[in-house]
Each structure stands twice: as C-alpha cells, then as structure tokens.
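Peer 1: Please read through the structure below; I'll follow up with questions.
Protein chains in written order, with our numbering: chain A, 1 to 347; chain B, 348 to 694.
Quick look at the structure:
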C-alpha cells in the first residue's frame, strides 16, 4: 500500500524535503489518557504487548492525537531474550526482571537463535499486520529491536541497573562467552527484524540504550561489530532504512556512521554540529531535551525552532529520549505542531 | 607540616613529575574488610560521617592498605544541604532520601547560607584535624564538595533518580528560583571549602555527579557560572589546587577548562586525546573504567599502562568513577602498583 505521508522515509533516504518529519520515542504510552484507560483494564504491560489488536490500538493513538509523521509498533526490546528462552517480568515502577540470567556456556548453548527464536514472536508480526490495517497508509510504521549489547546487558544483569556492573564483569572476565552470546542475539534479532519488515515495518530502529555504560574500547569490541552485521543484513535483503540510537555513545558516532545504517539518533547531550562533524552525510535524528516539554508553550516553540535550524536538514525531529509519564498532551502538541509548521528556506 | 609525598600537589600544579600520582574515588569504603568491620558496629553511614575520629580512621585505611598517593576525607556531598537546613537519611541499598524538598521561594529563603551554613559542619573540620594528625604528613588530604547543580538536583528531587526530571522541571519552569537556590548553595559551599582548607585540606575536588543529565545549554546556564565562582574564590584566597569532576559532561570540557580549576576529572567514556584537545594545558585526572578491575591481574596491568601512555603526562591516575563494593582488594593493589612502578621516559 502506498503511504499518504512518506516524509519520514524520504528523509531517512537522504532526499531533500520541505520540512523535517517528527515522531517521539514513547509516543504511545502513559502520557495519553486513552492509553491509561485501556491499560487499566488489563492484567499488565505484557498483556498489551502480546495482544495484537490492543498493541495496534495503542500504536495508532498518538497518530490520532498529534498527527505525528510515523507510528512505532507498541512492543518491548525484551521480547528477544524471551524468544531465545529467558522470560522476563515487568514489575510496576521497578522495570523488567529476569528470574533466570546467563552465567555459563551451558546457559548460552541452551538459547534459541535464528529463525527458531524469531518464530516465537508471531504475536509481534500479528500486531504489525493489525496496525498496518488500522493505519491504512496514513504514516509509516517503525519496527524496532534492542541492539545486541543492550540485550546482553539485561540477560546477564537480570534487571535494569545504574552501573550494569554484572554485565560488564561478564565482558571483562568472559569475553569469549560474551561474543558467543552476542552472536546468538544478533542472529535472532536479524531474523526477527526481517520478519517485521515482511509484515510491513517501513523503517527499523535499533535501541542501544546502555551504550554509554561501556568504555570506547569495549563499545568498539562488543557492540559495533554486531551493529555492522544487522545493518548489513537488512541492507542486503531489503531497501528498508535503519536508524541506530546508541544513547550516550557520543564517542562512537564515527563508528556508527561506518555501518550500513541510514539514520543516527542523538541524545540531548550531543550538539548537532558535533554529531555532523563525525557522521558525514548520514541523516540525524533527535534531540530536544525531553524536559524542555516542562517549559511553557512559548519556550517550547523557541527551543524547537532553534534545534531545527541547528540541524539544518538531513534531520528527523524527535526528543533526545522518550517522553516521561508526567508530560502534558498539550505541550507535546506544541512541539509537534512547531515542527509541522516549519519550512526549510530554499538554498 | 611538610608532606613526605607531595606528588599529587606537584602534579596538580602542573610541575613535571617522575610518574603520575594515583588515588581512587571511594577508596575508603566497602571494598575494604577493615572498613566493613568498623561499619558493622555502627548505627549507619551518617554516624561514621559525623564522628570525627571514626571518619579519620576510615580515611586513612586505604593509605595503609594500598599506599595510594592521597587520602580523601570520608564524608558526603549531602552535608551541605543538611547544613543549609534540609536533613537527609541514608537508606541502605537505596541511597539518600530528603524528607523535605525545595518547592517554592519561601523554601529557598528559609535556607542558611554563607558562614551560617558552613559553621554547621564543625564535625567535618574536626575530622580533617583528626585525619591530618593520623596521616602525619604521609600524603596530601583531599577535601571535597558537591557542585552546586548536583546539590540542587538532590534538594529538589529529594533522592537519586535516573532522569532527575523533577529537578530539571524546576530549572525549566522556575529558572529565577533555580538561580536563587544555586547562589545560596554556592555561597555555603565556598565558605565550607575555605574552612576545609584552613583545617588542612591540601587539594579540593568538586563532584558534579549529575552534570550529564543536563543539556549543554542548561549546563552552561545553571552549572558553569557557579563553578567559576567557587574556583575563583578558592584561587583568590588560597593556593590550594582544585579539581572539577563533572561526570558525563564531555560536551562542557572547554567551559570547565575556562574556570580557575587546576585539574579536570574524566569519566571512562572520554578518551585522553579528546579531552586534551578541549582543555588546553589543564591537568587531567582519571579514567580507567572501574569495571576493568574485574579483569585478571595481567589485563589490569596492561590496561593501566596503556592509559598512562595515552595521557602522557599532566595526569593524575584514578578510575573514571568510584570503586564498586564487589571489587577485590588485590585487584586494586595491582592497579595502584602498576602506576607506582611506572616512570615517564625523559624527553
């Protein structure tokens, strides 16, 4: 089906566009009353993720509410470890917990990978099918996965962490096992993302949420090679653009740019000029400080305009991180509308 | 009293030295069995901080154990908000909690500042006196405080946080009140640090632990001007060197270098070459990934040597963050001894 609004895709491919597209990380979620109403009827977060019709419904809510330029499938990066054999629980106000974690070679050898893992996630593919039907070509649908290092971090640590010191202990003390695990995660993730593309994902984003926990040397050894493999596999098999968002990995921007990705996401610490000097002509995505949406409407308009001018093209507008639950629907609308009313001056 | 080992001070002043000095953030603490034994007899962390003889005892433990080149007074950055009128509790495994937080102009106007605040901290000055006596000139004693933005973050947020979104909300929605509070924190902190110097602190380190939570624009507005004021006040009144350690503030290194500090601390994400290109001839401190100490002894020796070579002078060796509680005493010893055995080649 032809997209009625393909601004995101044209921008990701590097075409010259009239204005930057805009969407928000965590745009489907606790900021929206209609999301909270639906969520209150369910047993928990995972029921929502695993029920295709409901996942589709919340995926489309921000399109109806703010008319952003893209939908992103409502799901979680932790479906991959679960498909490989490590189930997780989502504990309210605490985050994900893995009752079992990876400790040994035997633990890793017992995990599923490749199509065996990807085939466990039929509910995600069904959610994509359902969403495409509801969207009816209005905007592109973004599919996503966690980057292999971030997935390893959860599988070894067993939960979120300020330091991820268990996961890093594993990299420093068992580098060979770490690579064995990263290889299996990479193969499962690649199969999963290619399936998502077959089920209608128009762009793929990889989230390397814990990139900034690693030293540059470790990021180069344990993260970047696997990003190369996934982006190359997608570029070989499809023409679907790929975005890498490696939070706090400012030190690795040049290495990210050397992969087959199309777009590089930026957190709010990284200034556009600095990023541009390191990524060549890759498209950039980001990067307003999410907390800027706590300011008044006038300041949001000013800061958003200033950001767009600073990027000056080859740019997808987003925040530098996801929306926080206590942000206001109307402040988000001001942000989105500021972008939608912007026009690049012709050079 | 003349210092027997003044390597840290000579290095901080920019003198040419035979090898870099070495100490570790959180060197007094849970890594040491002798610390845990003493701590187990007490009611809690605050009893240790507030009892000068005990604080002196644990301050000196790492000097006896590893013969590092400096002691750092055992204390907490949150003694300043407490001296200003906001008490905190230290909750095991959870961190600090403030029962009352700053919400309004009246809250700020009720706080003590200047010498009235600094005078509340006699137990810290007594701890310095006691430590100097025990140290007997073996190594310099480092005094420290939180940087004003980091202290504001705790006073508004009320606890640690992944996002510090309440504190940032305050900056975005009440910038004038934020500056009023930062001014009072700065004045209290300046008085406190000058008192510490009078009681024998040979070098001062400011910890801006939550620097990386702010955007570059906000860091420039709400953090840097107050670092200028504190470093200028110390430079005017004393010849005691000052170190700024602004964690994850790689984007502001040039602004930190423009203050009257002598040394800039680096986290483990920031490569020596990158830092050097931004700080001119300031001395640098850091920055081995703390988790490198989970590797085997041989790898620790290699990584430490590589780091010293990369900095190549004007360098104080430390980790890029504090020691974690599960690190081994013998691994720390390997790190320290690698530095102590190093000699710069004469050029």
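Even glycine gets a Cβ: it sits at the ideal position worked out from N, Cα and C. What you are looking at is a predicted structure, and each value in this text was computed from that prediction instead of being measured.
1. Could you spell out the range, first to last residue, of the beta strand (DSSP E) harbouring residue 91/A?
2. Which residues, in chain order, does the segment 513-539 of chain B contribute to contact with chain A at a C-beta distance below 7 Å?
3. Taking the alpha helix (DSSP H) that residue 201/A falls in, what are its first and last residues?
4. Measuring alpha carbon to alpha carbon, tell me which residue in 540/B, 549/B, 680/B and 544/B is nearest residue 427/B.
5. Can you give me the C-alpha to C-alpha distance between residue 65/A and residue 284/A, rounded to a whole angstrom?
6. Taking residue 401/B as the reference, give the member of 417/B, 383/B and 416/B with the closest Cα.
7. Check distances from the C-beta atoms of the segment 446-461 of chain B to those of chain A and list, in chain order, the residues that come in under 7 Å.
8. By the 8 Å beta-carbon criterion, what residues does the segment 324-335 of chain A contribute toward chain B?
9. Let me make sure I understand the geometry here. Which of 256/A, 167/A and 260/A has the alpha-carbon closest to that of residue 237/A?
10. Using a Cβ-Cβ cutoff of less than 8 Å, which residues in the same chain neighbour residue 321/A once the five nearest sequence positions on both sides are dropped?
11. For residue 137/A, count neighbouring Cβ atoms within 10 angstroms of its own Cβ and tell me buried if that reaches 16, exposed if not.
12. Heavy atom of the ligand COA less than 7 Å from the Cβ of residue 435/B, yes or no?
13. So which residues on chain B does residue 50/A lean against when the C-beta distance must stay under 9 Å?
14. I'd like to check one pair, residue 305/A with residue 344/A: are the Cβ atoms closer than 8 Å?
15. Across the segment 465-477 of chain B and the segment 387-401 of chain B, are there enough close Cβ pairs to call them in contact, namely three or more that are closer than 8 Å?
16. Please report the residue range of the alpha helix (DSSP H) in which residue 4/A lies.
17. Between which two residues does the alpha helix (DSSP H) containing residue 274/A stretch?
18. Do residue 230/A and residue 142/A have their beta-carbon atoms positioned less than 8 Å apart in this structure?
19. I need the boundaries of the alpha helix (DSSP H) containing residue 575/B, first residue and last residue.
20. Do residue 544/B and residue 610/B count as a contact pair if the criterion is CB distance below 8 Å?
21. Excluding the 5 residues flanking residue 431/B on each side, which residues of the same chain have their C-beta closer than 6 Å to its C-beta?
22. Within 10 angstroms of the Cβ of residue 87/A, are there 16 or more other Cβ atoms? Answer buried if so, exposed if not.
23. Whose Cβ in chain A lies nearer than 7 Å to the Cβ of residue 510/B?
24. On the DSSP bridge assignment, give the partners of residue 443/B in chain order.
25. If you compare alpha carbons, which of 672/B, 646/B and 590/B is closest to residue 633/B?
26. Hey, would you say residue 216/A sits closer than 8 Å to residue 618/B, going by beta carbons?
27. Using a Cβ distance threshold of 8 Å, determine whether the segment 332-339 of chain A contacts the segment 363-380 of chain B, with at least three qualifying pairs required.
28. Please state whether DSSP places residue 243/A in a helix, a strand or coil.
29. If you draw a straight line from the C-alpha of residue 559/B to the C-alpha of residue 596/B, how long is it?
30. Does chain A have any CB closer than 8 Å to the CB of residue 580/B?
31. Quick one: what does DSSP say residue 668/B is sitting in, helix, strand or coil?
32. With a threshold of 8 Å between beta-carbons, can residue 311/A be considered close to chain B, or not?
33. Cα-Cα, which of 31/A, 56/A and 191/A is closest to residue 120/A?
34. Output the distance between the C-alpha atoms of residue 11/A and residue 514/B, rounded to the nearest integer angstrom.
35. Please report how far the alpha carbon of residue 310/A lies from the alpha carbon of residue 279/A, in whole angstroms.
36. Quick check on the DSSP output: the beta strand (DSSP E) that includes residue 511/B runs from which residue to which?
Peer 2: Checking against the coordinates, here is how it stands:
1. 89-91
2. So the close ones are 515, 516, 519 and 520.
3. Careful: residue 201/A lies outside any alpha helix (DSSP H) and carries neither H nor E.
4. 540/B
5. If you take the alpha carbons of residue 65/A and residue 284/A, they lie about 25 Å apart.
6. 383/B
7. Taken residue by residue, none of the segment 446-461 of chain B has a beta-carbon sitting less than 7 Å from a beta-carbon on chain A.
8. If the cut-off is 8 Å between Cβ atoms, the segment 324-335 of chain A has 324 and 326 near chain B.
9. 260/A
10. Counting only Cβ-Cβ distances below 8 Å, and skipping sequence neighbours, we find 25, 247, 267, 268 and 290.
11. exposed
12. The ligand COA is absent from the structure shown, which contains no ligands of any kind.
13. The contacting residues do not exist; residue 50/A stays about 26 Å from chain B at best.
14. no
15. yes
16. Going by DSSP, residue 4/A is part of no alpha helix (DSSP H) at all; its letter is neither H nor E.
17. 272-279
18. no
19. 571-584
20. no
21. Its chain contains 458, 459, 464 and 535 as the residues whose beta carbon lies nearer than 6 Å to that of residue 431/B, once the 5 sequence neighbours on both sides are disregarded; these appear in chain order.
22. exposed
23. 324
24. According to DSSP, residue pairing for residue 443/B in a beta bridge involves 437/B.
25. 590/B
26. yes
27. no
28. strand
29. 5 Å
30. no
31. coil
32. no
33. For the set 31/A, 56/A and 191/A, the Cα lying nearest the Cα of residue 120/A is the one of 191/A.
34. 35 Å
35. Here the alpha carbons of residue 279/A and residue 310/A stand approximately 15 Å from one another.
36. First-last for residue 511/B: undefined, no H or E at that position.
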